[in-house]
Amino acid sequence: MNRMAQACVLIFFAGAVLRASITDLYLRYVKEELRPFLIAAGLLLIAAAVMTLWYELRSYLPDPGNRTGSDDPAVEEHGHAHHEPRVAWLLILPALGLLLVAPPALGSYAAGQAGTALTSEQSYDYPPLPAGDPVTTTVFDYAVRALFDKGESLGDRRVQLTGFITPGPDGQPILARMIMSCCAADGRPVKLGMAGNVPTGLGDDTWVQVTGRYTDRITRDPVNDEDIPYIEVEYWRQVTAPRDPYE
1 MNRMAQACVL
11 IFFAGAVLRA
21 SITDLYLRYV
31 KEELRPFLIA
41 AGLLLIAAAV
51 MTLWYELRSY
61 LPDPGNRTGS
71 DDPAVEEHGH
81 AHHEPRVAWL
91 LILPALGLLL
101 VAPPALGSYA
111 AGQAGTALTS
121 EQSYDYPPLP
131 AGDPVTTTVF
141 DYAVRALFDK
151 GESLGDRRVQ
161 LTGFITPGPD
171 GQPILARMIM
181 SCCAADGRPV
191 KLGMAGNVPT
201 GLGDDTWVQV
211 TGRYTDRITR
221 DPVNDEDIPY
231 IEVEYWRQVT
241 APRDPYE
């Protein structure tokens with residue numbers, strides 16, 4: 001791989017990053033707040049590629065002071081042009097992946113392989129719930145209040161949650177949502193058992209919106225032996241996957 005090829009690969013890779021950044025594709029990999037950094041990185045890669053091209057093309061221009069008959073400084077000094085290892089071509093693979101493959105967000109399979117992200121070793125806040133009936137909140141927020149606040153901050157309020165279906169410890173469907181600190185590589189599930197009007201006839205990874213109230217029922221996650229709280233479902237409906245699948 002010579003410098004011209006390096007520049008082309010950089011432009012190709014930068015284009016893939018920018019394409020993912022200006023669409024919602026990047027949300028399958030990183031948090032929404034990182035979008036400006038991805039765009040900046042793509043632009044910097046393009047700038048580096050342009051500078052590499054300019055430097056390489058400049059070396060082919062005739063040099064009035066060159067009396068050796070060679071227009072390539074690298075050839076003049078060493079007798080051959082510099083090339084990087086062929087393995088550098090593998091850099092094109094992640095770019096192809098971004099352009100040609102649209103992997104789904106982490107779902108029921110990942111949730112089944114990892115233990116619930118809620119642990120008693122962490123500390124949580126319980127701000128007042130916003131107005132509304134039902135009040136729309138996250139799976140994480142409800143689970144934390146139900147598990148560690150014993151439902152006191154929930155009271156008798158009805159809540160509306162959105163998540164995907166995944167098999168629970170007893171084989172019954174549970175509601176889950178993946179959360180991440182930075183990127184999909186550190187994604188972990190928040191799991192929520194469902195009692196009452198439990199969704200039926202739905203496959204794994206089906207997105208649903210459930211409305212219900214607090215219940216003190218809990219079960220254990222067989223993966224990490226942590227508690228999984230429940231929600232008493234009053235009604236539910238199937239929905240399309242949200243724009244940002246992570247919480």
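Counting from 1, one number per residue, gives the positions in the sequence shown under the working numbering. For glycine and all other residues, C-beta sits at the position ideal for the given N, C-alpha and C. A quick note: this is a predicted structure, and the numbers were derived from the prediction, not measured.
Query	Result
How long is the line joining the alpha carbons of S108 and L118, rounded to whole angstroms?	17 Å
Taking 7 Å as the limit between beta carbons, can you name the residues of its chain near I46, skipping five residues before and five after?	I11 and A14
Which two residues bound the contiguous alpha helix (DSSP H) that contains Q113?	S108 to Q113
Using the Cα positions of A95 and Q6, report the straight-line distance between them to the nearest angstrom.	13 Å
Determine the DSSP secondary structure at L154, reduced to helix, strand or coil.	coil
Going by DSSP, what residue range makes up the beta strand (DSSP E) through L161?	V159 to P167
Considering only their Cβ atoms, is the gap separating D186 from T116 smaller than 9 Å?	no
Quick one: any contact between the region 177-185 and the region 198-217, if contact means 3 or more CB pairs under 8 Å?	no
Report yes if the CB atom of T162 is closer than 9 Å to the CB atom of V135, and no otherwise.	no
Whole angstroms is fine: what's the gap from G97's alpha carbon to P104's?	13 Å
Among A111, Y126 and M180, whose alpha-carbon lies nearest the alpha-carbon of K31?	M180
Could you check the C-alpha separation between R243 and G42 for me, to the nearest Å?	22 Å
What residues in its chain sit with their C-beta under 6 Å from that of L18, if we drop five residues either side in the sequence?	G42
So, with DSSP's three-state summary, where would you put R188?	strand
Which value, in whole angstroms, describes the spacing of the CA atoms of A16 and A48?	15 Å
Do F148 and A241 count as a contact pair if the criterion is CB distance below 9 Å?	no
Beta strand (DSSP E) containing W89: first to last residue?	No beta strand (DSSP E) holds W89; DSSP gives it neither H nor E.
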